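This note's numbering puts the first residue of the sequence shown at 101, with every later residue one more than the last. Before any comments, here is the structure.
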Amino acid sequence: SFSRKVTVRNLFRYKKRMIMTIIGIAGCTALMVTGFGIHDSITEIGQKQFEQIFLHDIIVVFKSDDTAADQYRASCGAYDIKDQTFVYSDSVKVLGDKNYDATLMVPEDEEQFRNFVVLKNEKTQEPLYLKEGVIVSQKLANLMNLQINSPITLSIGNTEYTTTVTDVCEFYTNHWIFLSPEYYTELTGQSCTPNQAYVTAYDRSVQTIQELSTQLTRDESVLALSKMSGIRNDFLDMISSLNTVVYVLIISAAGLAFIVLYNLTNINVTERIRELATIKVLGFRDHEVTGYLYRENILLTVMGIIAGWGIGVLLHRIVMTTAEVDTMLFGKNIYFLSFVYASALTVIFSVLVNFVTHFSLKGINMIESLKSVE
């Protein structure tokens, strides 16, 4: 139609304003996508680590006595335990250009261990199995540039051992190294007696886990225990401070969206006041004059939003990579709803600006805007 042809003509007639508007809207949308994406990423860590990878409820630590594990096995039948597995755990150093502390984990029974800790590939989600080598967590692999078949040197006690990375597993907190008991003995020449038990309760309610914890702490072979719910809450409290960054980004982006749209629209009206007055003289009604500009704003807003999605994804990845600490791996995913929310907020501010602009257009004085000769 004629009005749509005019809209397209005006877009390319005022190229600088078109580019400024698209960049402004894209920047606003990108910041909101980044803000919502950060929230998605930090929420995703807790869900994946403590609901999909760690499946146990309690970690029981035995006393240093070599017979503590056997004493616990003999007495644990009296407790309300649904299932449990035994592991040997130790703190080690991974040596390289920079040394990193890691937790060495040797499960007594690998198949049973999978019911408590899930070892899987981050990309394919396929299960990983302990072989003649070690499985390392993703963050440690990233820091030390480790890949499958890469050599790795471990300092266990006061002795250094060099072995090979067989797989890299999905893990988001701290650094972890997993070995089979057979390979641990082959590597170090020492047998490993379990010093921890991973326990699951019949249900994961706070009351049930608390009652089971109380029972376990009374066992003479138990040195200490940790409840996964407490570890999870402490972890979430630690990263919740990032929510402040999310709110600042979203509020700033929302304010920027309104200011950019409002100022550009005002400039547009001011520079084209004679053009708008002319079409009013030619018989355009108020709503037609408003639509004359609205169509341009709507098209530019849509183009800006689409451009903002791509910029937001890139900016989110940069922010999450920069914000990571050595002992934590952040997710890089942005949920679909985050794009919807960011786009919806941009559209809302665009509609609000257009609503305010409508009254400015109604107030255009045709006589004052045009010269007497015109």
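Ideal Cβ placement from N, Cα and C applies to all residues, glycine included. Treat the numbers as computed from the prediction; the structure is a model and nothing was measured.
query: Grouping DSSP H, G and I as helix and E and B as strand, with all else coil, what is Tyr302?
result: Numbered from its first residue, the sequence shown carries residue 302 at position 202. Coil, per DSSP.
task = For Ser305, count neighbouring Cβ atoms within 10 angstroms of its own Cβ and tell me buried if that reaches 16, exposed if not.
result = Position 205 of the sequence shown holds residue 305. Looking at its Cβ environment, which holds fewer than 16 other Cβ atoms inside 10 Å, Ser305 is exposed.
Between which residues of its own chain and Leu131 is the CB-CB distance below 8 Å, once the five residues before and five after are set aside? Your numbering for residue 131 matches position 31 in the sequence shown. Leu349, Ile350, Ser352, Ala353, Leu356, Gly412, Leu415.
Check your understanding: Just to check, is the beta-carbon of Ala377 closer than 7 Å to a non-hydrogen atom of the ligand ADP?
Key -> In the structure shown, the ligand ADP is absent, as is every other ligand, since no ligand is present at all.
*In or out: Lys380 buried (at least 16 other Cβ within 10 Å) or exposed?*
Against the sequence shown, residue 380 aligns to sequence position 280. Buried: at least 16 other Cβ atoms inside 10 Å.
- [ ] Quick one: give me the first and last residue of the beta strand (DSSP E) that Ala202 is part of.
- [x] Against the sequence shown, residue 202 aligns to sequence position 102. Its beta strand (DSSP E) spans residues 200–207.
task: State buried or exposed for Arg55, treating a residue as buried only when at least 16 other CB atoms are found within 10 Å of its CB.
output: The first residue shown for the chain is 101 and the last is 474, placing residue 55 beyond what the model contains.
- request: Please state if the CB of Leu246 and the CB of Val265 are separated by a distance shorter than 8 Å.
  value: Counting from 1 along the sequence shown, the entry for residue 265 is found at position 165. Counting from 1 along the sequence shown, the entry for residue 246 is found at position 146. Closer than 8 Å, so yes.
- Item | Continuous alpha helix (DSSP H) stretch holding Ile119: start and end | The residue labelled residue 119 in the question sits at position 19 within the sequence shown. Element bounds for Ile119: 115–147.
Next on the checklist: Please identify the residue among Arg417, Ile406, Met428 whose C-alpha is closest to the C-alpha of Ser443.
Outcome noted: Position 343 of the sequence shown, counted from the first residue, corresponds to residue 443. With distances taken between Cα atoms, Ser443 lies closest to Ile406.
>> Tell me the rounded alpha-carbon separation between Asn199 and Ile359.
In response: In the sequence shown, counting from the first residue as 1, residue 199 sits at position 99. In the sequence shown, counting from the first residue as 1, residue 359 sits at position 259. Cα to Cα, the separation comes out at about 49 Å.
Cross-strand partners of Leu195 (DSSP beta bridge): Taking the sequence shown and counting its residues from 1, one reaches residue 195 at position 95. According to DSSP, Leu195 bridges with Thr253.
- Below 8 Å on the Cβ atoms is my guess for Met328 versus Phe150; work out the distance and round it to an integer in Å. The residue you call residue 328 lines up with position 228 of the sequence shown. The residue you call residue 150 lines up with position 50 of the sequence shown. For a cut-off of 8 Å, the C-beta gap from Met328 to Phe150 is around 6 Å, short enough to register as a contact.
Tell me the DSSP secondary structure of Glu260 in three-state form. Your numbering for residue 260 matches position 160 in the sequence shown. The answer is strand: DSSP assigns Glu260 an E or B state.
Original post:
Beta carbon of Leu254, beta carbon of Val194: below 8 Å?
Top reply: On the sequence shown, position 154 is the one that residue 254 refers to. On the sequence shown, position 94 is the one that residue 194 refers to. Against a cut-off of 8 Å, the Cβ pair of Val194 and Leu254 comes out as a contact.
Straight-line gap, Val440 to Leu325 (C-alpha atoms, nearest Å) = Residue mapping note: residue 440 aligns to position 340 of the sequence shown, counting from 1. Residue mapping note: residue 325 aligns to position 225 of the sequence shown, counting from 1. Between Val440 and Leu325, the C-alpha separation is close to 44 Å.
field: Simplified DSSP state of Tyr435, which is helix, strand or coil
entry: As a first step, residue 435 must be located in the sequence shown, where it is residue number 335. Note: Tyr435 maps to coil in three-state DSSP.
Using only alpha-carbon positions, find the residue among Arg173, Tyr261, Val133 that is nearest to Leu204.
As a first step, residue 204 must be located in the sequence shown, where it is residue number 104. Nearest option by C-alpha distance: Tyr261.
In this structure, does DSSP put Gln296 in helix, strand or coil? By 1-based counting over the sequence shown, the position of residue 296 is 196. Strand.
Worksheet item: Can you tell me whether DSSP reads Lys163 as helix, strand or coil?
Response: Residue numbering aside, residue 163 sits at position 63 when the sequence shown is read from its first letter. Of the three classes helix, strand and coil, the one that applies to Lys163 here is coil, per DSSP.
What three-state label does DSSP hand Asp85 in the structure shown?
This structure does not reach residue 85, given that the chain is present from 101 up to 474, and the question cannot be answered.
Exercise for review: Would you kindly work out how many angstroms separate the C-alpha atoms of Asn221 and Thr273, rounded to a whole number?
Suggested key: Walking along the sequence shown from the start, residue 221 turns up at place 121. Walking along the sequence shown from the start, residue 273 turns up at place 173. So the two alpha carbons sit approximately 16 Å from each other.
Q. If we count the other Cβ atoms within 10 Å of its Cβ and call it buried at 16 or more, is Asn295 buried or exposed?
A. Residue 295 sits at position 195 when you count from the first residue of the sequence shown. Flag for Asn295 reads buried.
Buried or exposed (CB count within 10 angstroms, at least 16 for buried), Ala301: Mapped onto the sequence shown, residue 301 falls at position 201. Per the 10 Å Cβ criterion, buried.
Q) Taking buried to mean at least 16 other C-beta atoms within 10 Å of its own C-beta, is Glu270 buried or exposed? A) Here residue 270 is taken as the residue at index 170 of the sequence shown, counted from 1. Looking at its Cβ environment, which holds 16 or more other Cβ atoms inside 10 Å, Glu270 is buried.
CA nearest to the CA of Leu342, picked from Ser141, Val106, Leu111 = Here residue 342 refers to the residue found at position 242 of the sequence shown. Of the candidates Ser141, Val106, Leu111, the residue whose Cα lies closest to the Cα of Leu342 is Ser141.
Where Ile331 and Asn249 are concerned, what is the direct C-alpha to C-alpha distance, given to the nearest angstrom?
Counted from its first residue, the sequence shown places residue 331 at position 231. Counted from its first residue, the sequence shown places residue 249 at position 149. When rounded, the distance between both Cα atoms is 33 Å.
Rank Val402, Thr285, Ile367 by C-alpha distance to the C-alpha of Val451 and give the top, closest one. Here residue 451 is taken as the residue at index 351 of the sequence shown, counted from 1. Of the listed residues, the one whose Cα sits closest to Val451 is Val402.
Below 8 Å on the Cβ atoms is my contact criterion, and I expect Tyr172 with Leu312 to pass it. Report the Cβ-Cβ distance as a whole number of Å. Taking the first residue of the sequence shown as 1, we reach residue 172 at position 72. Taking the first residue of the sequence shown as 1, we reach residue 312 at position 212. Leu312 and Tyr172 do not touch by the CB rule: their CB atoms are close to 14 Å apart, not below 8 Å.
Using the three-state DSSP reduction, which class does Ser101 fall into: helix, strand or coil?
In the sequence shown, residue 101 corresponds to position 1, counting from 1. Looking at Ser101 - three-state DSSP - the assignment turns out to be coil, as it is neither helix nor strand.
Which residues share a DSSP beta bridge with Ile277?
Looking up residue 277 in the sequence shown gives position 177. Answer is Leu204, Val236.
Thinking C-alpha only, which one of Tyr394, Phe136, Ala297 is nearest Val160? Translated into positions along the sequence shown, residue 160 becomes position 60. Of the candidates Tyr394, Phe136, Ala297, the residue whose Cα lies closest to the Cα of Val160 is Ala297.
**Prompt:** Exposed or buried, which one is Pro207 when buried takes at least 16 other CB atoms within 10 Å?
**Reply:** Here the question's residue 207 lines up with position 107 in the sequence shown. Buried, since its Cβ has 16 or more Cβ neighbours within 10 Å.
Query raised in the report: Tell me which same chain residues have a C-beta within less than 7 Å of the C-beta of Asn110, skipping the five on either side of it?
Result: Within the sequence shown, numbered from 1, the residue matching residue 110 stands at position 10. Contacts found: Glu396.
query: Which residues in the same chain have their Cβ closer than 6 Å to the Cβ of Ile153, if we skip the five residues on either side of it in sequence?
result: Taking the sequence shown and counting its residues from 1, one reaches residue 153 at position 53. For Ile153, where only same-chain residues beyond five positions count, the Cβ hits under 6 Å are Val218.
query = Under 8 Å between the Cβ atoms of Ile252 and Val236?
reply = Within the sequence shown, residue 252 is the residue found at index 152, counting from 1. Within the sequence shown, residue 236 is the residue found at index 136, counting from 1. Yes; because the gap between Cβ atoms is below 8 Å, this pair is in contact.
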